[in-house]
């Protein structure tokens, strides 16, 4: 019941500050992994999907088509609701598939299925590791009794799939080295713990944890073992120490274009352009806006690579693209409501992310580490922490984030309501409101008086005030001093 | 007076959010170093130690024995109270000894004394440096007028002893290089500053600072001077760059078993197994639970080292153990109340800590740095930030943390009270409460109305709402929008 | 209207915790960049500068002289107010000049002008890059609609000038490599974004962002391109790997003395002692306290370099000074009110900063990075996070920070008012106050009861309390348990 729940939240917020109610704190810290984690609503009595207001006479077939599309696009809420009544293993499969797609912020099992198909096309062993990672991350979240809604949205699985995949990708023992599944399972099961810990921190700023748990855990594994390890050797990564040979005449334009889908594929560590293409399709199914920003991000990454004189092989391989893909999706419509200003911001973020990506890759290669998706996480967090006076740049509350199209509808609705209220309010001409405000002010003044008294008592303890240079105290300063207006009056009356 | 003090805290929390009262903020930021820092209670009229409810007839001798034990086990509260009336230098000695033991979360001067004995057994010069470090850290805390209760619990000393010891351990000038005392004193005196600063940050999440100040300051010293320094050269530490030679046939089982006490000793940088054994005894005196988890942690570290194919010398030397020792103590009963779920969590944390230890050691060796206790700090903080729905995993409020046995009693008491209240409440059948809740709801609604008005005025300023696509706004969305239920009604009345 | 604004803030703080009102959060996060960012007041009707209470008969000429000085010393508020009515480009120039001076915490366009003169004396190309950086950072802040008062104080420009300057300094392509302006403009325009993001975080602890955005962005640029880059190669920086040759007989005392102004100059990356001297003059114009602490900091840095056996060239080159200069200014009067205790704290901070500087320089040279002003930022933030019981160490609220002299007057005024109030309060003998407090307590008790009820309901959900070992629950513990005093009574009545 999101409506009621929200109302309750407001109550708590008003009466009880963050520190006093550990329950409230706990609750909000359980929430904010990445997106809408409300448990699927049971009270939704409307038989049709509420997003599609039902077929009207003049629209007929089109509406019916849209309704059909709504069943497998977006976050497939109807399917999710239906799943709740199914066998547990089937539910778990749904969560795993959603987890696979959540890497790209997509809460859609169909997209997840297509993504697994793409992974299988790339490499069976990698796909298996990815599946094991998602599965055990989800199971671990269940054991730790994390928020069921978040688990059902796949928010505890996406770090698992990346951990599993990338551990397989960077292993130097080649495919089908079965022992690798041991650290894979251990680190996947650590995912929900790290996610929950980071969410406790990030929730203070209403920020998601993105793929930080994956970054932390995979870097942990790679650097803990390293290239020179008997059990789990890693691919050798070394810092660049000489001028790369770049001849602009040698550039291969077709490969350069191919690097756009490859960049999308590299989000999952895949260098097969067909796999990247399949991923793009899976994004389009759920959200065309996400899909467009993914392609745009990959292109921005490619351009940045050229601008910063990166070796062509790196660009062809998609290493400049995948972080920008994620950053561009995150800013462009996912956590901000999409307006043209936000669109520009997303492009700026993608450029910044590419720059950051080059920097982080160079730093981490010193330790034999790949850059993972650190650049995406850091750049997206920076842009989400941005506060601006531009009203068209609206950051959605984390609990309201779903997918770009729905986020946009939410934003439009807010805007419309504001307009109505503005017009409305001018009419009522603030009669009753004024009265109520006055009452509140009286209440507040009493509160302030009490605070004043507390301060007074506090100060009495400090005692030894230096009252030399009294004449230097500027007149104007008196109004600067925050909490003294009241006591001042009292003083004036008595002096 | 902890009861009164707490009640006052609640008052402040209710009426005054974190931002408004700088006094409250200051107070809470002074508090949260590591454990129970309430100043010893003067109003404690009961002549016997309240933890031991006095000899009863049926228990007689046993109770008297337990009471005797209580005088020098746990946190030796009676002794601490007695100390308050003594000569200042004697008090300072008490604080220094408690500081020495607080490295292992033990607030007990007897344990501290035994630990110093162990250090002297290891190396006179190191013991001297450790003593100087603890002493000056405590003095600096006194100068900076930090919380007296925290100082008396040794919470400002434990970073000092580690700074002093490890600076001596890693110095390349050998023993009795007297100039080393200069940076030792300077950095020890910086400890309370760094502690206080970190506590300001960590207190927001009710987290202790652990040994982070020590880690920061020792790494600072080592990397600021480095191996190639004329005045304060450091031991040369270099990253591994080739496959270590590990032959499983060569493993020495007796040394492997010895690595468990050595691991405990390495918490203080000591590689003598007898020293480690003495430390284990000192832990047992204060708290058997702590002692058991210390040994368990060291064993887990050893196993992890074998699993990750570490060179045997490192394992024998206890380098895989000491972080796990601390992590296992911290999670297993110290900051969580000990239940079997928490016990499993502590073991998981120890494994994670070992993994992390290997990773951090590899990263830091690039800079010629040892890994210090960074792995412990980071893994323990991660596990303390974890939020879970499991009711048996109860994180104690930082102000209530003392030692595992007492923490457990506190937890049991809470549980029992809950049970009584639950039963009780079902009886009274919520008559008066319902009434009161209604009153509160009315109050809250008034508050909300005021907030609505503020928002309305805010929005009026934003003005330019985009009202196209109005028909797309979904019905269901209306209840999603948090703060509009009230104004909506007004609108509906007027349209 | 700072007075009104503050009063409103208090209202908000009291009634509405941080989490509930996104507006309030946004507002406070927009604020806390570095200093007094209130928009220049229009309502200031007093024709003369209010800081100088007008010429009095007995002072005559002296007062008139002081009044004249006040027009171009301090933050030149009168000039700033006059500027508001001028042409936009002229305003922009004012903001750029203030931005140039804000690197040293000086909000004064005249100082900025002198600093630019010093830069031109050093190197035309660097000065140009610095100007471009400040300009585009300010423009970017305008585009992003950041707080106008902060922009007008130059708080969005100072990172820009450093980014521009240092990118030119560390470029390996030599002067007048025009392509460098491209990344310069891009990164300068990123400054306000990074500033705003960091302010969102730091504002939680009422901390400024210092030069962190500059550090992040310049390190980003240097490490993203590196020494081996075709387009933007950087100067080669490598870690020290052998014992430097230090012969104390070779020390050059005149160069050592010269290193003090050079250290001040190195804040802007300039090694010309005359440029450093000009900077010192520019500081003196605005604030003699700032100037004195700058020189003191540079001297402390030099001494630290000698103590830690740094190569003499580094000391002569001012590399040990510039961080200490900034740290000493920040602590010595800028963010703390200057008392002799704070003065000692500033010196301690400068020493700590020098230590940290050496450490960070060694770590960052591994990645081919200079240490920038990271040491200053980290050490100053540590000392600002310090909480202490010493009443003479008074940290100004960030919104009240202007320049040391004015900060001091604010502190004295507070002290004086406290004294009056203390005396006053003893007279009224808390008659009415007591009454009011009682009323508030009644209110609070009602609040608490409500909270109790919430907790009761919460606990009922948790249910399975373990009530074994009930007899072990200590008597004294009952008052420890925070939130049970009330319910306990109810229980006692019924049992």
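Chains as they are written, first to last, in my numbering: chain A, 32 to 526; chain B, 32 to 526; chain C, 32 to 526.
Just so it is clear, CB atoms sit at the ideal spot from N, CA and C, and this is done for glycine as well.
Around the beta-carbon of residue 269 of chain A, fewer than 16 other beta-carbon atoms lie within 10 Å, marking it exposed. Scanning the segment 119-185 of chain C from its first residue to its last, the whole alpha helix (DSSP H) runs of 4-plus residues come out as 119-133, 140-153, 155-174 and 179-183. Put simply, the backbone Cα of residue 266 of chain B is about 19 Å away from that of residue 405 of chain B. Exposure of residue 280 of chain A is indicated by the presence of fewer than 16 other C-beta atoms within 10 angstroms of its C-beta. The three-state reading of DSSP puts residue 189 of chain B in helix, counting H, G and I together. Listed by position along chain A, the residues whose Cβ is nearer than 8 Å to that of residue 336 of chain B form an empty set, because the closest Cβ is around 11 Å away. Shown here for residue 275 of chain A: same chain residues with a beta carbon closer than 7 Å to its own, the five before and five after excluded, namely 342 in chain order. DSSP places residue 289 of chain B in the uninterrupted alpha helix (DSSP H) bounded by 284-296.
Contacts with chain A at 8 Å (Cβ-Cβ) do not include residue 313 of chain C. Chain-order list of chain C residues neighbouring residue 186 of chain A: empty, with the shortest C-beta distance near 21 Å, by a criterion of under 7 Å. Shown here, residue 452 of chain A sits in a helix according to DSSP, grouped into three states. For residue 309 of chain A, the uninterrupted alpha helix (DSSP H) segment begins and ends at 304-317. The beta carbon of residue 449 of chain A does not come within 8 Å of any beta carbon belonging to chain C, so the residue lies off that interface.
Below the 7 Å Cβ cutoff, chain B contributes 419, 420 and 421 as neighbours of residue 176 of chain A, in chain order.
Around residue 257 of chain C, the beta-carbon contacts reaching into chain A at under 8 Å are 271 and 393. Neighbours of residue 374 of chain C in chain A, taken as residues whose beta carbon is under 7 Å from its own, are absent, since the nearest beta carbon is some 15 Å off.
At a C-beta separation below 7 Å, residue 221 of chain B has these neighbours in chain C: 383.
Across the segment 198-229 of chain C, CB contacts with chain A closer than 7 Å involve 221, 224, 225, 227 and 228, in sequence order along the chain.
When DSSP reads this structure, residue 396 of chain B sits in no beta bridge, so it has no partner.
Where residue 431 of chain B is concerned, there is no enclosing alpha helix (DSSP H), because DSSP gives it neither an H nor an E. Nearest Cα to residue 239 of chain C within the set C:367, C:285 and C:262: C:367. The Cβ atoms of residue 333 of chain B and residue 389 of chain B do not sit closer than 8 Å to each other.
Judged by DSSP in its simplified three-state form, residue 102 of chain B adopts helix. Annotated as proximal: residue 385 of chain C and residue 336 of chain C, with beta-carbon spacing under 8 Å. Look at residue 254 of chain B: its C-beta is under 8 Å from a C-beta on chain C.
Scanning its chain for C-beta atoms nearer than 6 Å, with the 5 sequence neighbours on each side dropped, one finds around residue 286 of chain C the residues 347, in chain order. The alpha helix (DSSP H) runs lying completely inside the segment 304-384 of chain B and spanning 4 residues or more are 304-317, 319-338, 343-347 and 353-360, given in chain order. In this model, residue 292 of chain B and residue 345 of chain B are separated by some 14 Å (Cα to Cα).
In the three-state scheme derived from DSSP, where H, G and I count as helix and E and B as strand, residue 202 of chain A is classed as strand. Taking 8 Å as the cut-off, the beta carbon of residue 211 of chain A is found closer than this to the beta carbon of residue 204 of chain A. Leaving aside the five residues that flank residue 377 of chain B on each side, the residues in its chain whose CB is nearer than 7 Å to its CB run, in chain order, 324, 359, 362 and 363.
Against chain B, the CB of residue 231 of chain A has a partner CB under 8 Å away; the residue lies at that interface. Linking residue 450 of chain B to residue 235 of chain C through their CA atoms gives a straight-line distance of about 38 Å. The alpha-carbon of residue 245 of chain A is positioned some 16 Å away from that of residue 391 of chain A.
Contacts with chain A (Cβ-Cβ distance below 9 Å) from the segment 397-416 of chain C involve 397, 398, 399 and 400, listed in chain order.
Taken atom to atom, the span from the alpha-carbon of residue 107 of chain A to that of residue 174 of chain A is near 26 Å.
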